[in-house]
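Colleague:
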Amino acid sequence: GAADDEIVRADATRFEELTAAMDGCGGVVLCTSAVPKIRPLSILKLLVKKSILRSKDPGRPLFRFVSGGTPEEIDWIGAKLQVDAAKAAGVKHFVFVSSMGGTQPENFLNSIGRQRDGSGGDILLWKRKAERYLIESGLRYTIVHPGGLVDEPATEGALVVDVDDKLLERKSRQVPRADVARVCCAALREPAARNKSFDLASSAKGEGEPTVEAGTVFEQLGERSCDYSTVLPDPPSIFAK
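Following this line, the structure appears as structure tokens:
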């Protein structure tokens, strides 16, 4: 792990702190994301519907984002500030860890934290807006859309890449966090990763030859890259209230 003197804390919503933290860095890997918290009462309601009322469709638990931690604030404004800070600090290559599903406004993840007025959610759409901002920034970039993140060892499965959410059609869409980290590090080294946006998943253990060298995913990707020609409208803003 990193030594204490190699770690710098910075607020992802404060440009000056970010610029200072990135000073002297040749590459940046953005891993920030809004994190929802479950509403305990919604779990109780689900248990009542399922255990007592024997409902076949008890629904889903409800989530919320803490104040200052909504997708609009973290995944759009915070990501935008990190791109701006990277440019100001002279960073050469910016790797953006995002998520699959950015082409799907109806994706369930977008409903998490959404208020009655429509604001507060749409995490994938705000991430997508930040990705486009990075692409248009002039920085050299690599955008990675991992599937469902799991805490399993790296190099046990065959890594699979594609574009434009095609991997969501697969039965297995998960990928170990450790493999995502390996691919991000490889992206900073491999010329074939420059100015590419792609989706990443892992085959189930035992299916295919495990990907030992993470950089080989860019050979698999070839000239493909995600299409951003369709511009989706911005979701309702929490600041419009």
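Everything in the sequence shown is counted per our numbering, starting at 381 for the first residue and increasing by one.
For each residue, glycine too, the CB sits at the ideal point set by N, CA and C.
The model shown is predicted, which means the values in this text are computed figures rather than measured ones.
1) Alpha carbon to alpha carbon, how far is T393 from L461?
2) Look up Y521 in the DSSP assignment and say whether it is helix, strand or coil.
3) So is A383 buried or exposed if we call it buried at 16+ other beta carbons inside 10 Å?
4) Could you name the residues that DSSP lists as bridge partners for L410?
5) Per DSSP, K430 forms a beta bridge with which residues?
6) Please list the segments of the alpha helix (DSSP H) lying wholly inside the stretch 479–560, counting only runs of 4 or more residues, in order along the chain.
7) Out of A620, A584, F598 and D542, state which residue places its alpha-carbon closest to the alpha-carbon of D607.
8) Roughly how many angstroms lie between the CA atoms of D437 and F488, to the nearest whole one?
9) List the residues that DSSP assigns as beta-bridge partners of L580.
10) Please confirm whether V560 has its beta-carbon closer than 8 angstroms to some beta-carbon of chain D.
11) Considering only residues of the same chain and omitting the five flanking positions on each side of A510, which have a CB-CB separation below 7 angstroms?
12) Just to confirm my understanding: we take G498, look at its own chain, exclude 5 residues before and 5 after, and list those with CB closer than 6 angstroms. What are they?
13) For a quick check, are the C-beta atoms of V475 and V415 less than 8 angstroms apart?
Modeller: Reading it off the structure:
1) Per the coordinates, the alpha-carbon of T393 lies some 7 angstroms from the alpha-carbon of L461.
2) DSSP places Y521 in strand when its eight states are reduced to three.
3) Counting the other Cβ atoms within 10 Å of the Cβ of A383 gives fewer than 16, which makes it exposed.
4) Its beta-bridge partners are F476.
5) In the DSSP output, where bridge partners are listed per residue, K430 has none listed.
6) If one requires a minimum length of 4 residues, the alpha helix (DSSP H) runs lying completely within the stretch 479–560 are 503–517, in chain order.
7) Looking at the Cα atoms, D542 is the closest of the given residues.
8) If you draw a straight line from the Cα of D437 to the Cα of F488, it comes to about 16 angstroms.
9) Beta-bridge pairing links L580 to P526 and V541.
10) This model lacks chain D altogether; it includes just one protein chain.
11) Counting only Cβ-Cβ distances below 7 angstroms, and skipping sequence neighbours, we find D455, W456, A459 and K460.
12) Excluding its 5 nearest sequence neighbours in each direction, G498 has C-beta neighbours in its own chain below 6 angstroms: P616, listed in chain order.
13) Taking the C-beta atoms as reference points, V415 is found no nearer than 8 angstroms to V475.
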